[in-house]
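Single-structure report; data block below.
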Amino acid sequence: MDAILKRRSIRKFLDQPIPEEALEKILRAGMAAPSAGGSAEWEFVLFADPKKKKKRSWK
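All you need for the working numbering is the position in the sequence shown, starting with 1, plus 5.
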């Protein structure tokens with residue numbers, strides 16, 4: 006509950022890679038999250054290279 010009540014929007018990010026262990030925890034949490042109707046249709050895309058990220062941008 007504390008995380009929900011103290012949440013905030015982040016617009017500026019550090020120019021540092023996210024540790025592999027942290028990424029694994031985040032992905033496991035996402036896979037364990039409930040989905041509408043139990044469909045569990047999710048897809049994660051991770052980009053370590055900023056150039057590839059910009060190239061694949063959906064904007």
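Backbone N, C-alpha and C define an ideal beta-carbon position, used for all residues, glycine too.
Using the three-state DSSP reduction, which class does residue i fall into: helix, strand or coil?
| i | result |
| --- | --- |
| Ala51 | In the sequence on display, residue 51 carries Leu and not Ala. In the structure shown, Leu51 sits in coil (DSSP, three-state: anything other than H, G, I, E or B). |
| Arg33 | helix |
| Ile9 | helix |
| Lys17 | coil |
| Ala45 | coil |
Between residue i and residue j, is the Cβ-Cβ spacing less than 9 Å?
| i | j | result |
| --- | --- | --- |
| Ala61 | Phe49 | In the sequence as presented, Ala is not what sits at residue 61; that position holds Arg. The answer is no: Cβ separation not under 9 Å. |
| Ile23 | Ile31 | yes |
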